[in-house]
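Notes follow once the structure below has been shown.
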Amino acid sequence: MKALRDVALPPHSIVEEPSGLVLLAVQRRGVPLFHCRLSVPAGAGEDPRAKAGLAQFTADLLRRGTKRRDAHGVDELIEGMGASLLIDVSMDEAALSLTVPADLSQRALDALLEVALEPAYAEEEVAAARRRALSALQSDLDEPSAVAARATIRLGYGPAHPYGHPVHGYRREVETFGREDCLAFHATRFRPRGALLAVVGDSPPSGLLDVARERLAQVRWASEARPTPLDFLELPREPGLRALVLHKPDSTQAQLRIVSPGIPRSSPRFFEAVVANTALGGGFTSLLVDAIRVDRGLSYSVSTRLAMNRQSGLSLFSSFTKNETLHELVDVALEKMGGYAESGPSEDALDKARTYLAGLFPLGLESHEALAEQISDSLLDGVGLEHLVSYRSRIGAVTASVVCRVAPCSTARAARAASMTRGPLA
Amino acid sequence: MPLLDPSNFPVQEHALSNGLQIRLLADPSLPIATLYSFFRVGSRNEQPGITGISHLFEHMMFNGSKKYGPKEFDRRLEAAGGTSNAYTSTDITAYYEDFAAEALPLVLDLESDRMASLVIDDDSLQREREVVKEERRFRTDNDIDGMLDEALSALAFLAHPYRWPVVGWMPDLNRISRRDCERYFRTYYAPNNCTLVLVGDFQPAAALREIERLYGKIPRGDPLPEVPNGEPPQKGERRAIVKYPAQAPALLAGFRGPDGRDPDSLVLDLIEAALGFGEGARLKRALVYEQELCVDAHISFGWRIDPGLFEVSLKLNPGVDPARAEAALWAELGRVADEGLDEQELQRAKNYVRAGLLRGLQTANGRAHTIGQMEVMLGSWRAFLDLPDRYQAVDRNAVIRVANKVFPPHRRNLATLLPGELPADAVAA
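Protein chains in written order, with the working numbering: chain A, 1 to 426; chain B, 427 to 855.
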């Protein structure tokens with residue numbers, strides 16, 4: 001493999017405020033945009049017992065009114081700038097972000113902080129949000145891939161694990177959500193310690209930091225104590241393959257997921273796991289895409305993915321095919337993954353995966369949003385900026401001898417399958 | 427200073443004697459580049475019996491050429507630190523590669539080789555046909571949005587090729603032959619029907635020399651067959667019902683609008699933004715939040731070469747009577763036609779469109795796509811530079827005029843999905 005040079009990050013500053021809040025400022029020249037992103041430790045992994053989906057519900061309600069204005073006023077505040085407030089709830093965090101033309105940077109920061117830190121959670125808005133969430137959960141039943149994704153999460157982590165439920169929760173638990181649930185969750189999770197505010201714009205980092213500090217001086221954070229730390233269980237490792245079949249009689253196509261334990265993002269085996277996954281099912285010329293799509297025409301989409309959270313992760317295979325060829329898809333997928341677990345990738349495949357990953361890596365640093373997310377996550381996940389700065393050389397240093405030890409290779413040995421089909425699975 | 431300063435877009439324009447158009451924009455800020463090949467062909471260039479051939483052919487372009495055999499295109503590209511993809515619409519087929527800057531010579535060689543000497547064999551056609559049928563089952567036959575979209579197009583267009591789906595009808599996918607593909611390739615994949623756009627970390631003079639060397643020898647093709655547009659005026663509302671075992675009803679409404687070069691398209695872009703972009707958009711606020719009729723309300727209006735559709739999609743809450751949602755939708759559109767948009771709403775829409783333009787220019791891929799799309803749809807990449815000013819000039823009177831032209835009751839087309847058993851003879855293959 002020809003080594004590709006490492007990528008320098010654009011000018012940036014990182015400081016930790018006395019409150020514990022981390023401030024990140026990044027200068028991105030060329031396009032006159034400003035982006036701000038607030039990450040708080042309020043992910044779905046923090047959902048209280050029997051309240052699966054509360055993190056998402058609480059975050060979605062942020063846009064439905066603050067102590068200073070109602071939902072319509074919040075929409076006018078944000079969308080009047082031509083911006084959309086993005087709310088992304090993962091297992092580990094809730095992230096709110098806005099991108100606006102550069103001349104609106106101060107207005108954008110004020111709006112983001114007001115919405116994130118001063119929610120009203122008005123009784124009637126909570127009730128309406130609950131009705132919307134329940135309707136959306138029912139509508140999701142019409143989306144075969146959504147049904148498969150929800151089943152896969154529970155199957156992969158097990159129901160007792162903090163990550164072992166879908167971020168939108170379950171109908172029977174969403175029905176119980178009330179104003180007090182939202183207030184309590186917000187008060188204990190939207191705190192400066194563990195949070196990160198990222199600002200990306202065309203000014204030097206020091207100027208961006210000044211703007212952020214000036215706006216932060218106007219807000220008050222919640223001060224209630226955080227609940228006891230979560231108990232991250234060992235992922236269930238059961239011998240053999242378990243199959244879960246969800247019957248959807250009207251469907252002419254079956255969705256197939258195969259899931260096994262993966263790794264957290266901070267794992268020392270991160271780089272070899274990423275290379276191994278790419279060779280198995282990550283790129284368009286990977287082993288599984290070749291066998292399933294290119295050689296057999298069995299599916300339009302085939303992929304494997306490492307879903308890496310802060311504490312643990314999953315290794316996932318996804319594909320679909322017409323009902324008549326589901327057996328063939330299962331057989332080919334398991335056979336190829338089994339062979340891969342035994343012998344790993346060829347030298348050529350390994351070399352291709354390394355160059356592919358290294359070559360495309362800078363694409364993930366191009367936009368304001370991508371820069372903020374990549375750097376924020378590297379800091380919050382505890383891998384540091386070194387993870388980004390040396391990404392290409394560390395990918396390039398992965399050798400064949402270490403690849404077989406990592407998660408994707410064990411997929412066939414410890415897999416659980418979630419599938420959906422119209423006919424019975426023999 | 428204008429919002430989009432032309433000095434930030436030093437695009438070089440070239441054309442080869444075989445008609446290939448070239449647009450180059452160097453940007454060394456990251457060691458990457460994007461190459462787009464835009465072909466002026468899509469499902470509007472098809473005929474009944476071979477619907478879906480444009481999209482199927484897009485898949486065939488990855489199956490080997492004279493110098494790079496089967497599987498080699500993506501294998502070589504990925505091994506050099508690149509990735510590729512493509513899309514087909516009603517009007518264009520676009521191929522792109524995102525790659526480490528060092529891989530540029532290989533990428534140009536791969537792309538020019540398949541334009542010069544694509545190999546089409548029966549085996550790869552058969553495999554790709556099966557892959558596309560799976561894509562159709564995924565996006566249309568088992569997807570509510572997809573099945574409604576298909577029903578709406580067939581309803582709104584009687585004579586124009588926009589009436590069939592880009593992915594094609596299933597029986598046509600089974601029927602398309604190797605000879606059909608070969609004829610299609612000779613007709614539409616000639617250099618005079620292509621615009622090449624390269625953006626990223628490269629030396630323009632060297633890149634141009636390489637493009638001339640590789641593409642210059644490919645012969646110009648015959649003039650393209652004209653696309654007939656015998657679409658008659660719509661004389662009354664049209665309706666279609668789709669029965670499917672869904673959790674809730676859904677509606678997809680469509681109104682035939684102007685083509686992409688018509689200035690009225692800019693007005694419809696702003697109406698789209700005012701009604702559908704963001705949680706506070708007029709339609710979303712009314713139907714999702716205030717009246718609680720829908721899980722989601724979505725508006726889509728894209729520029730097309732010939733007059734296209736302004737579409738409104740409503741995914742209803744379970745148990746809601748479709749007639750109530752329909753009435754609420756017509757009322758909202760009627761308000762736009764009667765009163766237009768107030769100053770604040772119109773400015774909000776302009777800000778949305780302006781920010782969307784800027785966001786689309788953040789990445790090399792986004793800049794290359796914008797440049798190519800402007801060339802194909804509006805005739806020059808420069809068209810996007812003054813778009814913010816043209817949007818800014820739209821006033822309330824223009825909104826009222828265009829809404830009255832596009833949304834009157836006799837121009838409605840409505841596809842409704844009603845939950846129920848699928849008719850026994852309607853199960854797709």
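Virtual Cβ for every residue (Gly too), placed ideally from N, Cα, C. Given the structure is predicted, the values throughout are model-derived calculations rather than measurements.
Under the three-pair Cβ rule at 8 Å, the region 175–184 of chain A counts as touching the region 45–64 of chain A.
Taking each of I637(B), R687(B), Q773(B) in turn and checking the Cα distance to Q447(B), the smallest one comes out for I637(B). When only Cα atoms are considered, I78(A) and S491(B) end up about 51 Å apart.
Contact with chain B is absent for D210(A), since none of that chain's Cβ atoms lies less than 8 Å from the residue's Cβ.
No residue range can be given for V7(A), since it is assigned to no alpha helix (DSSP H) and is classified by DSSP as neither H nor E. The beta carbon of Y778(B) sits closer than 6 Å to the beta carbons of A699, F703 from its chain, once the five residues preceding and following it are set aside; these are given in chain order.
Taking C-alpha positions only, R501(B) is separated from T477(B) by approximately 30 Å. Straight across, the Cα-Cα distance linking L98(A) with F525(B) is about 28 Å. Under the DSSP definition of a beta bridge, Q438(B) partners with L450(B). R563(B) reaches chain A at T252, Q253, K322, counting residues in chain order whose Cβ is nearer than 7 Å. For F317(A), no alpha helix (DSSP H) segment is defined; the enclosing uninterrupted segment is the beta strand (DSSP E) at 313–322. Here S267(A) carries a coil assignment [DSSP, helix/strand/coil]. When DSSP states are grouped into helix, strand and coil, I14(A) belongs to the strand group.
Only those residues of the region 278–309 of chain A whose C-beta falls short of 8 Å from the nearest C-beta of chain B are listed: G283, F284, T285, D290, R293, V294, D295, R296, G297, L298, S299, Y300, S301. If you look at R242(A), you'll find it in the beta strand (DSSP E) that goes 242–247.
V820(B) and V693(B) have their C-alpha atoms roughly 7 Å apart. A83, S84, T99, V100, P101: these are the residues of the region 83–112 of chain A whose beta carbon lies less than 7 Å from some beta carbon of chain B, given in chain order. Judged by DSSP in its simplified three-state form, S691(B) adopts helix. Under the Cβ criterion of 8 Å, R604(B) is not counted among the residues facing chain A. Cβ neighbours of R555(B) within its own chain (closer than 8 Å, five residues either side excluded): L482, L599, N600, I602. When DSSP states are grouped into helix, strand and coil, Q106(A) belongs to the helix group. In terms of Cα proximity to E663(B), the closest of S443(B), A841(B), A763(B), A441(B) is A841(B). Between the C-alpha atoms of D110(A) and L216(A) there is a straight-line separation of about 8 Å.
Spatial neighbours of V219(A) in its own chain (CB-CB distance under 8 Å, excluding positions within 5 residues in sequence) are listed in chain order as L113, E114, L117, E118. D524(B) is bridged by DSSP to T460(B), T509(B). Collapsing the DSSP output to three states places F681(B) in a strand. With a threshold of 8 Å between beta carbons, Q788(B) makes contact with chain A. The continuous alpha helix (DSSP H) containing R761(B) extends over residues 748–765. Between Q27(A) and chain B, the shortest Cβ-Cβ separation is not below 8 Å.
Less than 8 Å divides the Cβ of T325(A) from the Cβ of L298(A).
Between N444(B) and P591(B), the CB-CB gap reaches or exceeds 8 Å. With contacts defined as CB atoms closer than 8 Å, D627(B) and A527(B) qualify as a contacting pair. Assigned with DSSP and collapsed to three states, A397(A) falls in coil, not helix or strand. Listed along the chain, the chain A residues whose CB falls inside 7 Å of the CB of E556(B) are G297. For K831(B), no beta strand (DSSP E) run applies; the uninterrupted alpha helix (DSSP H) run containing it begins and ends at 822–832, by DSSP.
Residues of the same chain with a CB within less than 6 Å of the CB of A506(B), apart from the 5 flanking positions on each side, are A529, L532 in chain order.
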